[in-house]
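Counting with the working numbering, you get residues 408 to 585 for the letters of the sequence shown.
Don't be surprised by glycine CBs; every beta carbon is placed ideally from N, CA and C.
The next block holds one structure in the form of structure tokens; read it before the comments.
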Amino acid sequence: MIVLMCPHCGGKVERTDDRQYALKCPYCGGEVSFEAIRSNVEYNDLRDINVRMQQDDAADADKRKKLKQWMLMRNILVGVFGLINFLAWFSLGYYTRSGREPVFTMLTALLLLLMLFTSVAFPILLAATRVSYNAMNRQEDKGAKIKAFFGLLLTNVLVFVGTFLIAVIVIWALGWIG
Ligand SMILES: [Zn+2]
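So, in structure tokens, the structure goes:
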């Protein structure tokens, strides 16, 4: 509801219906102009739009911050996964060389199990904590969690193969095989 001032008598004229664009003053019967109503409506609309944009900006900044923290977490976990993989492969090489001592059998088995566990656990953990938001077009992205999960699974496969090759090169360089 908008209260307008009658240009003829100064009386207060209430506009109760948003679709009303011509009003009659209840005090003097004069017409309160369409322009007066419209400028008031536009002002209110602009103010609403401005408030909404400010709210959107605040929400966007908040989601971007969460996304940034998530990416840091993702990078750390991919790094941890890579380290576990490398150690598992390296330990497997050492286990083969060490004449299969029980302590290396245990260590290798433990690392291989940890590798298997984290290869799925990390993507699940990261997908669950991923913000369902696309920062590029500033919109909700309902598929963000699923995309994150499969993206991370693929990353883990590459890490799995990559660390195996690195471990083979390191073991070869140490003269254990060849
Ligand atoms: Zn009036």
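First through last residue of the beta strand (DSSP E) which encompasses residue i
i, result
"residue 419", "419-422"
"residue 412", "409-412"
Environment of residue i [buried if 16+ CB atoms lie within 10 Å]
i, result
"residue 512", "exposed"
"residue 504", "exposed"
"residue 531", "exposed"
"residue 500", "buried"
"residue 423", "exposed"
"residue 493", "buried"
"residue 413", "buried"
"residue 430", "buried"
"residue 553", "exposed"
Cutoff 6 Å; reference residue i; Cβ partners in own chain excluding five residues on either side
i, result
"residue 471", "542"
"residue 526", "563"
C-beta atoms of residue i and residue j nearer than 8 Å
i, j, result
"residue 488", "residue 566", "yes"
"residue 559", "residue 524", "no"
"residue 485", "residue 536", "no"
"residue 409", "residue 447", "yes"
8 Å CB neighbourhood of residue i in its chain, flanking five on each side removed
i, result
"residue 533", "477, 480, 481, 484, 555, 556, 559"
"residue 467", "542, 545"
"residue 428", "441, 444, 445"
Boundaries of the alpha helix (DSSP H) in which residue i is found, first to last residue
i, result
"residue 572", "551-580"
Contacting residues, own chain, Cβ-Cβ under 7 Å from residue i (five flanking each side not counted)
i, result
"residue 547", "539, 540"
"residue 491", "518, 521, 522, 525"
"residue 474", "538, 540, 542"
Proximity test, residue i beta-carbon vs ligand 2 heavy atom, cut-off 7 Å
i, result
"residue 447", "No copy of ligand 2 occurs in the structure displayed; its ligands are ligand 1 alone."
Just to be sure I understand the criterion: a residue counts if its Cβ is closer than 5 Å to at least one heavy atom of ligand 1. Which residues meet that?
Here the list is 413, 415, 416, 418, 432, 434, 435, 437.
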